[in-house]
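Our numbering numbers the first residue of the sequence shown as 78 and each following residue consecutively.
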Amino acid sequence: MKTQRNKIFLFVVLIIFSAGSIIYFNSKDSEKVFFDSSDSGYNLASYQKDSNNNSISSSRQTIITETVKNVSPAVVGINVTEIRQYRDPFSNLFDDPFFRQFFGNRGNYNQKVKGLGSGFIISPDGYILTNDHVAGNATEITITMTNGKHYNAKVVGTDPTSDICLLKVDGNDLPYVALGNSDDIMIGEWVIALGNPFGLFEINDKPTVTVGVISATGMNLEPLNNRYYLNMLQTDAAINGGNSGGPLVNSIGEVIGMNTLIYTAGGSEGNIGLSFAIPINKIKRIVTELKQKGSIDRDFDIGLRIQSIDEGIADYYNLPASRGVIITYIASGSPASKAGLNVGDIILEVDNFKINNEKTLISVFQEFRVGQTITLKIIRDNKEMDKKMTLEKR
């Protein structure tokens with residue numbers, strides 16, 4: 078037993094000695110490396126770790142992360158102050174001289190209201206796009222950039238009808254986005270929404286990013302608060318309160334739309350995957366006009382009255398569907414009269430915009446300007462035909 082233990086002990090000693098010999102003789106072959114091991118070994122391990130991290134990081138890089146990295150510096154948070162007028166719900170009581178004697182004249186009153194939204198820089202000299210409902214009526218506008226800097230902005234021009242607002246800050250060599258082409262968008266292509274939901278931009282001076290696809294294009298929505306949303310882009314990228322005015326970007330980093338509104342279920346304010354953006358080609362046209370005039374001139378009158386097509390009218394005229402509007406009146410000498418339109422004509426399309434009802438027709442005419450010639454597709458005596466109309470100053 079003792080002999081066996083001695084053999085085991087000798088065997089262990091030999092192993093330790095052999096290992097020590099290997100280390101020793103290896104050190105003789107590369108003595109400098111061995112004695113610098115506390116440094117070089119650490120650097121080698123660090124190098125290997127960094128290499129591994131870089132490799133892992135590279136493997137995680139995607140077209141989306143690259144796009145976010147490139148576009149983010151041009152996305153801004155917007156904080157606004159505006160003066161809103163409110164009416165005292167009890168103001169009618171104070172029309173009585175007795176109440177005014179004790180409580181004064183209490184009618185309408187003004188109140189400062191703070192709001193927030195998103196925007197994106199479109200030129201190195203500081204032009205910024207956002208929604209009219211974000212900053213169109215603001216008295217004070219503060220822009221926050223991703224480098225933490227704050228700028229005071231002014232409204233260059235705004236268009237409540239299309240919900241587009243152009244701002245300007247004083248600056249040079251500012252980061253700015255590339256504007257794409259919203260006419261060649263593909264259904265199902267990846268898109269990225271960047272912005273300032275619920276003011277989260279202020280936490281770390283970075284935009285929040287959500288990803289989705291283009292769900293539909295050419296969406297003509299019902300007018301909302303005298304704003305007309307035609308030819309909208311639909312996406313399932315999450316857009317929430319504060320995202321309004323931020324860019325919707327394609328996978329190569331081009332802005333193809335401006336995030337504007339969402340549809341919600343019932344009274345919920347949360348996102349359910351129905352988000353809408355104004356197409357960038359429409360925005361480009363509006364921006365050009367806002368830079369020149371500060372507003373959009375839609376002061377024309379076509380000189381007709383219309384009524385939506387209901388089932389009764391559709392049956393009477395043997396129409397395949399209750400779609401379009403019927404002309405009920407035409408003013409003498411008006412653009413409608415000069416175009417050769419008649420009472421009883423049914424308007425189906427205007428410049429390739431399908432007309433569903435009165436609201437759609439009114440929305441479509443917000444796209445046009447004085448002097449523009451448009452094409453109306455109508456039905457007369459069960460035959461389709463086109464009529465040209467030139468819009469005249471009111």
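Glycine is no exception: its CB is placed at the ideal position from the N, C-alpha and C atoms. In this text the structure is predicted, and so the values were computed from the model without any measurement.
In the structure shown, the three-state DSSP call for Val402 is strand.
Counting only the Cα atoms, Asn433 lies some 8 Å from Ser385. The Cβ atoms of Ile199 and Val254 sit closer than 8 Å to each other. By the 16-neighbour rule on beta-carbons within 10 angstroms, Ser195 is buried.
By the CB criterion at 8 Å, Ile451 and Val427 fall inside the cutoff.
Phe445 and Leu468 have their C-alpha atoms roughly 8 Å apart.
By the neighbour-count criterion, in which 16 or more other beta carbons inside 10 Å mark a residue as buried, Gly389 falls on the exposed side. Look at Gln188 here: in three-state DSSP terms it is strand. For Phe442, the enclosing alpha helix (DSSP H) stretches over residues Glu435 to Phe442.
Annotation: the continuous alpha helix (DSSP H) that includes Ala212 extends over Asp209 to Ala212.
Taking a C-beta distance under 8 Å as the contact criterion, Arg304 and Pro237 qualify as a contact pair.
Using a Cβ-Cβ distance cut-off of 8 Å, the segment 269-287 and the segment 203-215 are not in contact, since fewer than three pairs of beta carbons, one from each stretch, lie closer than that value. Counting every other CB atom within 10 Å of its CB across the protein chains shown gives Tyr340 a total below 16, marking it as exposed.
Collapsing the DSSP output to three states places Ile432 in coil.
For Lys231, there is no enclosing alpha helix (DSSP H); the residue is found in the beta strand (DSSP E) stretching over Lys231 to Asp236. Burial of Asn156 is indicated by the presence of at least 16 other C-beta atoms within 10 angstroms of its C-beta. Look at the segment 300-346 and you find these whole runs of beta strand (DSSP E), each 3 residues long or longer: 309-312, 324-327 and 331-339.
Of Asn308, Leu244, Ile220 and Val441, the smallest CA-CA separation from Arg375 is found for Val441. DSSP, reduced to helix, strand and coil, places Gly371 outside both helices and strands of the structure shown, so it counts as coil. Between the C-alpha atoms of Gly257 and Thr144 there is a straight-line separation of about 14 Å. Annotation: Gly289 to Tyr406 spans about 46 Å, alpha carbon to alpha carbon. Residue environment for Ile424: buried (at least 16 other C-beta atoms within 10 angstroms of its C-beta).
In this structure, the alpha-carbon of Ile360 lies about 34 Å from that of Arg137. Its chain contains Ser195, Leu271, Gly272 and Asn336 as the residues whose beta carbon lies nearer than 6 Å to that of Gly323, once the 5 sequence neighbours on both sides are disregarded; these appear in chain order. With distances taken between CA atoms, Glu435 lies nearest to Pro300 out of Ile262, Asp260, Asp250 and Pro300. Between Ile241 and Ile329 the beta-carbon gap is near 24 Å, outside 8 Å, which marks them as no contact.
Taking the Cα positions, Leu418 is about 7 Å away from Lys464. For Glu426, the three-state secondary structure derived from DSSP is strand. A residue is called buried once 16 or more other Cβ atoms fall within 10 Å of its Cβ, and Gln311 is buried on that count.
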